[in-house]
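2 protein chains.
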Amino acid sequence: MPELPDLTVYAENLAKAVVGKQADRVTFHKSGRLNVSEGELAGALAGSRVTAVERTGKQVSFRTDKGAELRVHLMLTGGFALTSAAELPRLDAPVLAITFTDGSALAVTDPKGWATVSLNPAAEAKVPDALQVSAEYLQQLCSKKPKALIKALLIDQALIGGIGNAYVDEILWQARISPKSAAGKLPPEAVASLAKAIPAVLQDAIGELRKRHPDMVSGEYREFLKVHRPDLQKSPTGAPIIKENVSSKRTYYTEEQRLYR
Amino acid sequence: MPELPDLTVYAENLAKAVVGKQADRVTFHKSGRLNVSEGELAGALAGSRVTAVERTGKQVSFRTDKGAELRVHLMLTGGFALTSAAELPRLDAPVLAITFTDGSALAVTDPKGWATVSLNPAAEAKVPDALQVSAEYLQQLCSKKPKALIKALLIDQALIGGIGNAYVDEILWQARISPKSAAGKLPPEAVASLAKAIPAVLQDAIGELRKRHPDMVSGEYREFLKVHRPDLQKSPTGAPIIKENVSSKRTYYTEEQRLYR
DNA sequence: GGCCCTAACAACGA
DNA sequence: CTCGTTGTTAGGGC
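Below is the structure:
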């Protein structure tokens, strides 16, 4: 569930909680997915100190003073948990658990077990983060995939990092562009308003989350979204919200959003 | 345009005309597509006698007493021509021309130049010919590609050889099965009636062509088709003919044909 | 709500 | 009316 704003706040809060701490024991539960053996993972982390926690696209990375990087993708149902070594056994659906020498603990949980954990992942082609995309880059993407629906293009993690199915609807509503528009048909003005809406919507959400849920490291909070919400009937400007599948994804939008095609 | 029935009669008539003759000069016009050099082609054929002409799927093969095989695919607009060496220069859109020692000549023509000519083509995975498909084989195909539309499955040359866009509509009407049925949803009875309709429709067409156009080696004759015809309004049993694209192909069918899905 | 793999489908060119 | 190749989409599994 979590998208860029949630993950950004998770990373901030995780950093406050664990940077500087020294890892003690590392355990991985076979329910999850790991790119190395459990022994290799424990060997690379045990005894080292966390130096940073950062978000990259939809993943959260932990770095250590021994140069290791641990990357976590929560997928649909994963979450973090800050607890103590003593309480770890009570945790539901644990995937990864790290205890620190001060007795505190960090865990990744996931009822579905789809979360992925990677130790020192191979460097990938760097995809621009959603908070960094320029109008020029967006224009390039639209020209390169002219027939793709704009919604499908924006949530493609190979093109832009961090936008998921919920916030893309917010962004498109903010820019007043229909999710079913063909990317290649967007005029420059529409691309420009989209380029503006992306960071605006995401930064606003980050602000809301920091204020409303200052300690969050898991879960979704969407009560301030403007259109992507099952309980809403109308957009803030009074237009009825249409609920429909677009590119096989549940989509909320209104007739206020212009369809280019 | 030609499909299995046309090509079958072409091959019969070509066999009557050229088997036993000795090739003299072989010329290939660069407009067409050839799997070897023109010199290689001429070298392999000149001086040898034609021993057989056969249809394989939608292709026509010529065999020689020196063990060569020449395979021709006419694509959309190609055709054969039986003429004389003297008349060859008057031929429109020639692709391949072979003169024989008795002064007669055989040519492949194609205004679009898409026809393909292959000398000793690499042996391919043998695909069952449409005249040979059993109900069991058809059932296997339907089970293996359950989501494919039945029309798309039947004209896939990698699965069954010889059925094209015109005769598939005739076959499906004969079997009273909608072209938009999902292959995997056909009950055994429908598969059985389809297995019966395929050779029935094709053999009937071969008979019609032999009778109506006893010397044909090119062109299309479709005046006896029952549904795949732009000029028809109703099927033989009086149902209005629906004209619609199915899997991006022009399709003629009626409500008499049951939709399984 | 996420991502990957595969199959089916549409568009274009030869 | 043909057959490729390519890009986009839809579905199921993890």
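From first to last, the protein sequence lines are chains A and B. Numbers in my numbering are just positions in the first sequence, counted from 1, shifted up by 138. Numbers in my numbering are just positions in the second sequence, counted from 1, shifted up by 138. Where a beta carbon is used, it is the ideal one built from N, C-alpha and C, also for glycine.
Cβ-Cβ separation, residue j to residue i (assumed contact under 8 Å), whole Å
i: residue 298 (chain B); j: residue 268 (chain B); result: 5 Å
i: residue 308 (chain A); j: residue 366 (chain A); result: 6 Å
i: residue 286 (chain A); j: residue 321 (chain A); result: 5 Å
i: residue 141 (chain B); j: residue 196 (chain B); result: 7 Å
i: residue 226 (chain B); j: residue 245 (chain B); result: 7 Å
i: residue 391 (chain B); j: residue 291 (chain B); result: With 8 Å as the limit, residue 391 (chain B) and residue 291 (chain B) do not qualify as a contact, their Cβ atoms being about 15 Å apart.
Where residue i sits in the DSSP three-state scheme
i: residue 299 (chain B); result: strand
i: residue 217 (chain A); result: strand
i: residue 383 (chain B); result: strand
i: residue 232 (chain B); result: strand
i: residue 265 (chain A); result: coil
i: residue 164 (chain A); result: strand
i: residue 244 (chain A); result: strand
i: residue 197 (chain A); result: strand
i: residue 372 (chain B); result: strand
i: residue 192 (chain B); result: strand
i: residue 225 (chain B); result: coil
i: residue 281 (chain B); result: helix
i: residue 320 (chain B); result: strand
i: residue 287 (chain A); result: strand
i: residue 402 (chain B); result: Missing from the structure shown is residue 402 (chain B); chain B here goes from 139 to 399 and no further.
i: residue 208 (chain B); result: strand
i: residue 359 (chain A); result: coil
i: residue 336 (chain B); result: helix
i: residue 378 (chain B); result: strand
i: residue 169 (chain B); result: coil
i: residue 388 (chain B); result: strand
i: residue 344 (chain A); result: helix
i: residue 315 (chain B); result: strand
i: residue 256 (chain A); result: strand
i: residue 350 (chain B); result: helix
Residue i and residue j closer than 9 Å at C-beta
i: residue 335 (chain A); j: residue 257 (chain A); result: no
i: residue 215 (chain B); j: residue 139 (chain B); result: yes
i: residue 201 (chain A); j: residue 208 (chain A); result: yes
i: residue 255 (chain B); j: residue 210 (chain B); result: yes
i: residue 247 (chain B); j: residue 219 (chain B); result: yes
i: residue 192 (chain B); j: residue 186 (chain B); result: no
i: residue 328 (chain A); j: residue 396 (chain A); result: yes
i: residue 375 (chain B); j: residue 317 (chain B); result: no
i: residue 275 (chain B); j: residue 324 (chain B); result: no
i: residue 387 (chain B); j: residue 312 (chain B); result: no
i: residue 231 (chain A); j: residue 249 (chain A); result: yes
i: residue 293 (chain A); j: residue 340 (chain A); result: no
i: residue 149 (chain A); j: residue 188 (chain A); result: no
Nearest-angstrom Cα separation, counted from residue j out to residue i
i: residue 184 (chain B); j: residue 146 (chain B); result: 26 Å
i: residue 228 (chain A); j: residue 373 (chain A); result: 42 Å
i: residue 289 (chain A); j: residue 278 (chain A); result: 16 Å
i: residue 154 (chain B); j: residue 203 (chain B); result: 16 Å
i: residue 379 (chain B); j: residue 342 (chain A); result: 58 Å
i: residue 159 (chain A); j: residue 223 (chain A); result: 14 Å
i: residue 284 (chain A); j: residue 179 (chain A); result: 43 Å
i: residue 354 (chain B); j: residue 151 (chain B); result: 7 Å
i: residue 296 (chain A); j: residue 265 (chain A); result: 6 Å
i: residue 377 (chain A); j: residue 369 (chain A); result: 14 Å
i: residue 338 (chain B); j: residue 221 (chain B); result: 34 Å
i: residue 144 (chain B); j: residue 357 (chain B); result: 8 Å
i: residue 233 (chain B); j: residue 157 (chain B); result: 21 Å
i: residue 326 (chain B); j: residue 236 (chain A); result: 58 Å
i: residue 330 (chain B); j: residue 280 (chain B); result: 12 Å
i: residue 381 (chain B); j: residue 394 (chain B); result: 14 Å
i: residue 304 (chain B); j: residue 345 (chain B); result: 17 Å
i: residue 253 (chain B); j: residue 217 (chain B); result: 9 Å
i: residue 385 (chain B); j: residue 306 (chain B); result: 13 Å
i: residue 371 (chain B); j: residue 251 (chain B); result: 34 Å
i: residue 177 (chain A); j: residue 243 (chain A); result: 19 Å
i: residue 282 (chain A); j: residue 319 (chain B); result: 36 Å
Cβ pair count under 8 Å reaching 3, the segment 343-350 of chain A against the segment 161-175 of chain B: The segment 343-350 of chain A makes no contact with the segment 161-175 of chain B, as fewer than three CB pairs between them are under 8 Å.
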